[in-house]
Amino acid sequence: MLHIVADANIPHAREAFSRYGTVTALPGREITPEALSGANVLLVRSVTPVSPSTLVGTPVRFVASATAGMDHVAAGPLAREGIGVAHAPGSNAASVVDWVVAALLRIAAEKHVGLEGKTLGVVGVGAVGGRLADRARALGVRVLRCDPPRAERGDPGPWVPLATLLDASDIVTVHTPLAREAPHATLHLLGAAKLGAMRDGAWLVNAARGPVVDGDALFRALASGRLGATALDVWEGEPVPNTSLASRVDIATPHIAGYAFDGKIRGTVMVEAALREWLSTQGHPLPEPWDPESALAPEAPLVVDAPLAPVDTPEARAAWLDALVRQAYDIRADDRRFRGAVVTMPDPDRRAVAFAELRRTYPVRREWSRYRVRGHVPEPLVPAVTRGLGMALDTPGDR
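Here is the structure:
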């Protein structure tokens, strides 16, 4: 019988993993070597760094992160110690893209501008960046893509150098992992020089990792008035973000872009599949896998109503889409919670607690692909709604 220690923020961990042994759920920051003294399996999220030193003197032989990113897990050193390692790549990609699109539409609506015809520069074109590029095109946005590792592998482009992207983009979004070593280090990828190379009035969005953008340099760029808008979900120094920087950005949230319920469940499912694969190599008998459908089924149909508003200009169409989206996800509500609980907190220790608590108690948010749009969608906006937002159109038979 296995003993499994799991981050308490992994949804339905007990239901999914108790069939394999006993499950102890702990807050991620309380997962210490002492807490692992009797554990065979460790399941974490991004707040728990794991390296061989974390596991010294423990019986842990399998580590998995129920997250898309893996920079908090020393996968190579763990594998060299004979420890199984897995994560959930792409599990929250749709959720992050929903967040980015919500941020862009909210900023556009508040500034009374449209998105159509703007140039979006996507830095890092993996599961998130690739989805965003596809959905942005359906919103009428021109897309430039920069991903040097993929370009070097010969992946189909077209690709542009970062310098070209920064010079040509009205909006820059960052979706790289955090890499500290060459040849493709991303630590402070956007520092003072790169931020200075962006167009005057350009927008910057970071939903990747905080240190990919130099926070001090960004603060100075915002103070100078060069950037037109900024939306940040990730911060240098998490869980103690710089309140001076947070006070200057247009949209600020506590690293929850990927927190849609569907993505979290997808992460649980992917980690369970990885655990089953590892157990099979160890000769363990396998029970039936967990069925997530009951957890994913909404209590009531997820429906949003098509706004009754004109769509005769690009700015009107952006406002229409923003009004539709806010019925499914109001990004300003997350922004208000973050500012009220974290940005106004002067004490760093209490700020860290507040940041973690916002993430721990995050309300259920569903991916937009779960929603149907009720009412008339103007014909010019059908591609934007179905492909750009990923929502389904209601049909008369469904009403």
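Numbering (this note's numbering), first residue to last: 5 to 403. Glycine is no exception: its CB is placed at the ideal position from the N, C-alpha and C atoms.
Roughly how many angstroms separate the alpha carbons of residue i and residue j, rounded to a whole number?
i, j, result
"residue 386", "residue 152", "34 Å"
"residue 214", "residue 380", "40 Å"
"residue 250", "residue 150", "27 Å"
"residue 373", "residue 325", "15 Å"
"residue 277", "residue 121", "42 Å"
"residue 309", "residue 110", "18 Å"
"residue 198", "residue 173", "13 Å"
"residue 85", "residue 112", "50 Å"
"residue 401", "residue 307", "Confidence is the limiting factor: at residue 401 the pLDDT is only 42, short of 50, which leaves the residue's position unreliable and the question unanswerable from this model."
"residue 20", "residue 108", "36 Å"
"residue 58", "residue 33", "12 Å"
"residue 399", "residue 375", "13 Å"
"residue 331", "residue 80", "43 Å"
"residue 220", "residue 226", "10 Å"
"residue 389", "residue 258", "27 Å"
"residue 71", "residue 211", "14 Å"
"residue 341", "residue 263", "15 Å"
"residue 30", "residue 114", "41 Å"
"residue 362", "residue 356", "10 Å"
"residue 101", "residue 392", "10 Å"
"residue 93", "residue 351", "35 Å"
"residue 82", "residue 279", "16 Å"
"residue 170", "residue 294", "45 Å"
"residue 89", "residue 67", "5 Å"
"residue 36", "residue 200", "42 Å"
"residue 124", "residue 191", "22 Å"
For residue i and residue j, which I take to be in contact (beta-carbon distance under 8 Å), what is that distance rounded to the nearest angstrom?
i, j, result
"residue 322", "residue 311", "Residue 322 to residue 311, Cβ: 12 Å. No contact."
"residue 247", "residue 347", "5 Å"
"residue 281", "residue 359", "Not quite, the Cβ-Cβ distance comes to about 34 Å (not below 8 Å), so this is no contact."
"residue 13", "residue 364", "6 Å"
"residue 231", "residue 202", "7 Å"
"residue 256", "residue 339", "6 Å"
"residue 206", "residue 175", "7 Å"
"residue 136", "residue 179", "7 Å"
"residue 269", "residue 299", "6 Å"
"residue 166", "residue 127", "7 Å"
"residue 177", "residue 104", "6 Å"
In its own chain, which residues sit with a C-beta less than 6 Å from the C-beta of residue i, not counting the 5 before and 5 after it?
i, result
"residue 189", "183"
"residue 194", "217"
"residue 76", "50, 53"
"residue 245", "239"
"residue 106", "329, 333, 335"
"residue 69", "48, 77, 91"
"residue 3", "Limits of the chain in this structure are 5 at one end and 403 at the other, which puts residue 3 out of reach."
"residue 18", "27"
"residue 396", "376"
"residue 42", "7"
Excluding five sequence neighbours on each side, which residues of the same chain lie with their C-beta closer than 7 Å to the C-beta of residue i?
i, result
"residue 116", "319"
"residue 40", "9, 46, 59, 62, 64"
"residue 25", "5, 6, 7, 8"
"residue 274", "92, 95"
Tell me whether residue i is buried or exposed, calling it buried when 16 or more other Cβ atoms sit within 10 Å of its Cβ.
i, result
"residue 49", "buried"
"residue 64", "buried"
"residue 266", "buried"
"residue 305", "exposed"
"residue 38", "exposed"
"residue 144", "buried"
"residue 99", "buried"
"residue 139", "buried"
"residue 158", "exposed"
"residue 344", "exposed"
"residue 290", "exposed"
"residue 337", "exposed"
"residue 134", "buried"
"residue 354", "exposed"
"residue 237", "buried"
"residue 186", "exposed"
"residue 118", "buried"
"residue 234", "buried"
"residue 272", "buried"
Name, in chain order, the residues that DSSP records as bridge partners for residue i.
i, result
"residue 345", "According to DSSP, residue 345 bridges with nothing at all."
"residue 90", "68"
"residue 48", "69"
"residue 123", "146"
"residue 192", "Answer by DSSP bridge pairing: none, since residue 192 is not bridged."
"residue 210", "178, 236"
"residue 7", "26"
"residue 397", "377"
So, at 8 Å on beta carbons, what are the nonlocal neighbours of residue i in its own chain, with the 5 sequence-adjacent residues on each side left out?
i, result
"residue 313", "320, 323, 324, 327"
"residue 403", "Because residue 403 sits at a pLDDT of 36, beneath the cut-off of 50, its placement in the model cannot be relied upon, and the point is left open."
"residue 367", "none"
Counting contacts by CB-CB distance shorter than 7 Å, is residue i in contact with chain C?
i, result
"residue 178", "No chain C is present in this structure, which holds just one protein chain."
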